[in-house]
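I have placed the structure first, in the form of structure tokens, so that the comments after it can refer back to it.
Written out as structure tokens, the structure is:
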């Protein structure tokens, strides 16, 4: 019996070390989500305020970009905190109602993003390939109506997410443990996750990007013809107009490229899990790839304002003015009110982790993060 005590001591030490490692990992991942959320909210809210305040840049593309920014804000407010919480808690924290409402809101925001990019590409197509048609469809009322229809379409497509999402109990056969989590589809068989993942991939990724690709093929052909037809000493106004349209088309294309790159890994991971539904992949490689894919997807929601800042001198000037105005208001507020600093210290109670903690997080992640 004496020979068992050293082994037991080593086992307890290993458990404590595993608990600390998982806690630090969870805090680090949640911190990354926090940084993305803060940067994304500052950038997108300032972008919306800039386009709403400055009438000189209130045109068709910028109004659509405001709608795109609003969708990104919605995604950052709802999805980022929920995903971060999964690395800090062993349980689903938002109840059955939250399990239905949160995936619905998340899918709506993703739909708004990709369909707005499609609408922006269509607008650039009309402006460059059919410039005479753009005059009849560029009124503020028609733009707002189109943006509202995009939101309505996204809401309708997200309704099945609210209907079928529910709390389910899953088992990890390798460790003989179970956990309750929120999943976006029924679990009567292996067909449902395959249908859900493939439908999401086609509707919210492949089909919109194919439509955008067709638009940009015609845009590229039109721009090349315009460049070759303009004489060297041609009309300066026409030349500036072509250059302006090229810059706007380039900006929209950058937005589309960022969306495609940032969301592809997330779709690939989801498809992989759906077609290996009967097995829970608890490998470290799968865990790291899942985290990287999710973080990359959320990063897309904070990149657009900064990309536009680098690509548009007009927006850069207006953005700086709005940001300086907000900073002055904050400084003025603090200068007029007494400052109080309160230090609040919280204690964190460690919870018991088994040696399967990493596997549990991997397993739980497979079903919890597939809400978008």
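Residue numbers (this note's numbering): 260 to 631. The beta-carbon is built from N, C-alpha and C at its ideal position, and this holds for glycine as well. Quick caveat, the model's predicted, so the values are computed rather than measured.
Item checked: Per DSSP, the bridge partner or partners of residue 439 -> 428
Check: Once you ignore the five residues that flank residue 581 on each side, which residues in its own chain have a CB closer than 7 angstroms to its CB?
Finding: 305, 308, 309, 312
Item checked: Helix, strand or coil at residue 353 [DSSP, three-state] -> coil
Check: Using the rule of at least 16 other Cβ atoms within 10 Å of the residue's Cβ for burial, across every protein chain shown, is residue 386 buried or exposed?
Finding: buried
Check: Where does residue 330 land, buried or exposed, given buried means 16+ other C-beta within 10 angstroms?
Finding: Per the 10 Å Cβ criterion, buried.
Notebook entry, point to check: Measuring CA to CA, which of 470, 503, 321, 471 is closest to residue 485?
Noted result: 503
Notebook entry, point to check: Per DSSP, what kind of secondary structure is residue 313 in: helix, strand or coil?
Noted result: coil
Check: Alpha carbon to alpha carbon, what distance is there between residue 342 and residue 514?
Finding: Going by the C-alpha atoms only, they are around 24 angstroms apart.
Note to self: Just to check my reading of the structure: residue 372 and residue 327 have Cβ atoms closer than 8 angstroms, yes? What is that Cβ distance to the nearest angstrom?
What the structure shows: 6 angstroms
Next item on the list: Check whether the region 548–558 touches the region 568–575, taking contact to mean three or more Cβ pairs, one atom from each stretch, closer than 8 angstroms.
Entry: no
Next item on the list: Report yes if the CB atom of residue 561 is closer than 8 angstroms to the CB atom of residue 295, and no otherwise.
Entry: For residue 561 and residue 295, yes; Cβs fall inside 8 angstroms.
Note to self: Please report the distance separating the alpha-carbon of residue 408 from that of residue 578.
What the structure shows: Taking the straight line joining both Cα atoms gives about 28 angstroms.
Next item on the list: Can you tell me which of the three DSSP states residue 388 falls into?
Entry: coil
Next item on the list: Taking 8 angstroms as the threshold, find out whether the region 331–338 comes into contact with the region 411–423 through three or more Cβ pairs.
Entry: Touching, no, given that fewer than three Cβ pairs across the two stretches are closer than 8 angstroms.
Next item on the list: Would you kindly work out how many angstroms separate the C-alpha atoms of residue 501 and residue 482, rounded to a whole number?
Entry: In this structure, the CA atom of residue 501 is about 8 angstroms from the CA atom of residue 482.
Next item on the list: Tell me, to the nearest whole angstrom, how far the beta carbon of residue 379 is from that of residue 320; I am working on the premise that it is less than 8 angstroms.
Entry: With 8 angstroms as the limit, residue 379 and residue 320 qualify as a contact, their Cβ atoms being about 6 angstroms apart.
Check: In chain order, which alpha helix (DSSP H) runs of at least 4 residues are fully inside the region 446–525?
Finding: 450–460, 466–488
Next item on the list: Give a yes or no on whether the C-beta atoms belonging to residue 471 and residue 412 are separated by under 8 angstroms.
Entry: no
Check: In this structure, does DSSP put residue 602 in helix, strand or coil?
Finding: Because the pLDDT of residue 602 is 43, which lies under 50, any placement of that residue in the model is unreliable, and the question is left without a value.
Margin query: So the candidates are 474, 332, 403; which of them puts its Cα closest to the Cα of residue 509?
Written below: The option with the nearest alpha carbon to residue 509 is 474.
Checklist line | Whether residue 456 touches residue 533 by CB criterion (8 angstroms) | finding: yes
Margin query: Tell me the rounded alpha-carbon separation between residue 516 and residue 480.
Written below: 19 angstroms
Margin query: Buried or exposed, going by whether 16 or more other CB atoms sit within 10 Å of the CB of residue 602?
Written below: Caution is warranted here: a pLDDT of 43 is assigned to residue 602, below 50, making its placement in the model unreliable, and the coordinate value is therefore given only provisionally. Answer is exposed; the Cβ neighbour count stays below 16.
Notebook entry, point to check: What number of angstroms, rounded off, separates the C-alpha of residue 353 from the C-alpha of residue 283?
Noted result: Each residue's alpha carbon lies about 23 angstroms from the other.
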